[in-house]
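Participant: Structure in structure tokens, see below.
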Amino acid sequence: MVNSNRRLSLAEKLKALMAGTQGPAHTSRSLSASVDELPGEYASVSHAAVAKLANGSQDNPTVNTIMALCEALGGVPPAHLLPHDSYADLDALESFEDPQARRVLLLLQGLPQSELCNVITDLERRRADLGLPQVGDTSRATGKRRRRRSRDEAARYAADALEGL
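And the structure:
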């Protein structure tokens, strides 16, 4: 979903998620119904409100609405719907939601470049030994391949994200 030419709008991101990039496809009615079926206390979101958000005629939902929609869409990180280029990278946002992944990134911060490259190489080797897919080799259901960040860009991106830049 990363688009290097322009910032994706809330409507574009929501439409992509509703099309099934994170789980089953949704219409505005089915997404509204999924919100109503959520356990706990989430804001009710009418199908008309979902449709307005998805077609861009309403682009300033409440935080409660965003939280409910993201949970109903399969636990999508709410930051994904924010209008910032870095938040278009859903894989990175999902990783940052994991406290252990954040701890690893904090431990990597400040390492000399040569040592960081050694750690990355070692992790790639371990993934291969475990039979896990290589990171960056898979594309989302959209069928579009994402531009793969260089190791320097990925480290800078992760550090900036942790620092809130």
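Its first residue numbered 222, the sequence shown is counted upward by one per residue in the numbering used here.
We treat Cβ as the ideally placed atom computed from N, Cα and C, and that holds for glycine.
The model shown is predicted, which means the values in this text are computed figures rather than measured ones.
Pick from R250, A275, V256: whose alpha carbon is nearest that of G296?
Facilitator: Out of R250, A275, V256, V256 has the C-alpha closest to the C-alpha of G296.
Participant: For L259 versus A289, is the C-beta distance shorter than 8 Å?
Facilitator: In contact: L259 and A289 (Cβ atoms closer than 8 Å).
Participant: DSSP on H301, reduced to helix/strand/coil?
Facilitator: Here H301 sits in helix by DSSP.
Participant: Where do the ends of the alpha helix (DSSP H) carrying N276 lie?
Facilitator: Counting along the chain, the alpha helix (DSSP H) containing N276 begins and ends at 268-276.
Participant: Is it true that the CB of R377 sits closer than 8 Å to the CB of A341?
Facilitator: Inspection of the sequence shows that residue 341 is occupied by Ile rather than by Ala. Cβ atoms of I341 and R377: not closer than 8 Å.
Participant: According to DSSP, is T248 helix, strand or coil?
Facilitator: Residue state, collapsed to three classes: coil.
Participant: Any idea if T248 is buried or exposed, counting beta-carbon neighbours within 10 angstroms, 16 or more meaning buried?
Facilitator: Exposed is the call here.
Participant: Going by the beta-carbon positions, is the gap between A264 and T283 smaller than 8 Å?
Facilitator: Their beta carbons are under 8 Å apart, which means A264 touches T283 by this criterion.
Participant: Taking the alpha helix (DSSP H) that R387 falls in, what are its first and last residues?
Facilitator: Not covered by the structure: residue 387. The range shown for the chain is 222 to 386.
Participant: Give a single yes or no on whether L344 has its beta carbon closer than 7 Å to a heavy atom of the ligand NAP.
Facilitator: Ligands displayed in this structure: none; no statement on the ligand NAP is therefore possible.
Participant: With H, G and I counted as helix, E and B as strand and the rest as coil, what does DSSP make of P320?
Facilitator: Here P320 sits in helix by DSSP.
Participant: Quick check: what's the CA-CA separation for Q279 versus D319?
Facilitator: C-alpha separation (whole angstroms): 31 Å.
Participant: Can you tell me the Cα-Cα spacing of G241 and A375, whole angstroms?
Facilitator: Their Cα atoms are separated by approximately 26 Å.
Participant: Distance check for G352 and T461, CA to CA, integer angstroms please.
Facilitator: Because the chain spans 222 through 386 in this model, residue 461 falls outside it and cannot be assessed.
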